[in-house]
Amino acid sequence: FENPNPDFKPAPGFTALFNGKNLDGWDGKSGCWAVRNGVINCTGVAKARNWLIYRGKEFGDFELRLKFIWAHGNSGVQVRSKDIGEWQVRGYQVEVSETKGMGLWHHSLASVDPKTKHRSHLAIAGQKVSIAKNGKKDVKQDADADKVKAAYKEKKWNDLTVICRGTRLIQKINGVEFSDLRDAEAKHSSLSGVLALQDHGKGANVAFTDIQIKELKK
Numbered sequence: 100f101e102n103p104n105p106d107f108k109p110a111p112g113f114t115a116l117f118n119g120k121n122l123d124g125w126d127g128k129s130g131c132w133a134v135r136n137g138v139i140n141c142t143g144v145a146k147a148r149n150w151l152i153y154r155g156k157e158f159g160d161f162e163l164r165l166k167f168i169w170a171h172g173n174s175g176v177q178v179r180s181k182d183i184g185e186w187q188v189r190g191y192q193v194e195v196s197e198t199k200g201m202g203l204w205h206h207s208l209a210s211v212d213p214k215t216k217h218r219s220h221l222a223i224a225g226q227k228v229s230i231a232k233n234g235k236k237d238v239k240q241d242a243d244a245d246k247v248k249a250a251y252k253e254k255k256w257n258d259l260t261v262i263c264r265g266t267r268l269i270q271k272i273n274g275v276e277f278s279d280l281r282d283a284e285a286k287h288s289s290l291s292g293v294l295a296l297q298d299h300g301k302g303a304n305v306a307f308t309d310i311q312i313k314e315l316k317k
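Last residue of the sequence shown? That's 317 in the numbering used here, and every number before it is there in order.
Given below as structure tokens:
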């Protein structure tokens, strides 16, 4: 992939998490991730899911901005998640895939508790979702799904913004609010955790760059 912004500098108040040269500060399974042309590439060699995990610190309330491009397979940006070892994480995932799969998800397939699988998708295009402490889910289609999806460009660079404050997570793609989640479920809600990039395995072809974050005051 060509670098869409070789002269990148973080926005005022933001800190760059990727230096554009190597994977310093990040930890991934050998051979699965590489920096080429100033962008982080998923090499596509992995046969199973794994994550490139940012090791600098864990984050609670923040605004994350980055650019991504999807060409094939399945990927995602993991936020407020738990590192469970062996480059596996569990928690909130902003999907990076073909248009129909985009949205806010909860990656729980690595859990020892099979009952967590019911939390797969949390909020998709145009939805505002609230999940109560007991797990009851209230879904409102706040905007036309097709119009929201049109903001995302497959096989082109996209701007992703993820805002996490308290129990609320907002996902924006190219400036358009894609999904909005308020999650208070006692069993699964998380207010802080690791940041990571997903390689779903089986030839995923995706790249990331211009990764920057601003921590928000509570």
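Built from N, CA and C at the ideal position, the CB exists for glycine as well.
- With a beta-carbon spacing of about 20 Å, residue 157 and residue 260 fall beyond the 8 Å limit used to define contacts.
- DSSP, reduced to helix, strand and coil, places residue 250 outside both helices and strands of the structure shown, so it counts as coil.
- A straight-line Cα-Cα distance of about 19 Å links residue 200 and residue 165.
- Two segments are said to touch when three or more pairs of C-beta atoms, one from each, lie closer than 8 Å; by this definition the stretch 239-252 does not touch the stretch 142-154.
- The C-beta separation of residue 138 from residue 120 comes to about 11 Å, leaving the pair out of contact by the 8 Å criterion.
- Residue 169 is not a Cβ neighbour of residue 297, given a cutoff of 8 Å.
- For residue 199, no beta strand (DSSP E) run applies, since DSSP gives it neither H nor E.
- With a cutoff of 8 Å on beta-carbon distance, residue 154 and residue 300 are scored as not near each other.
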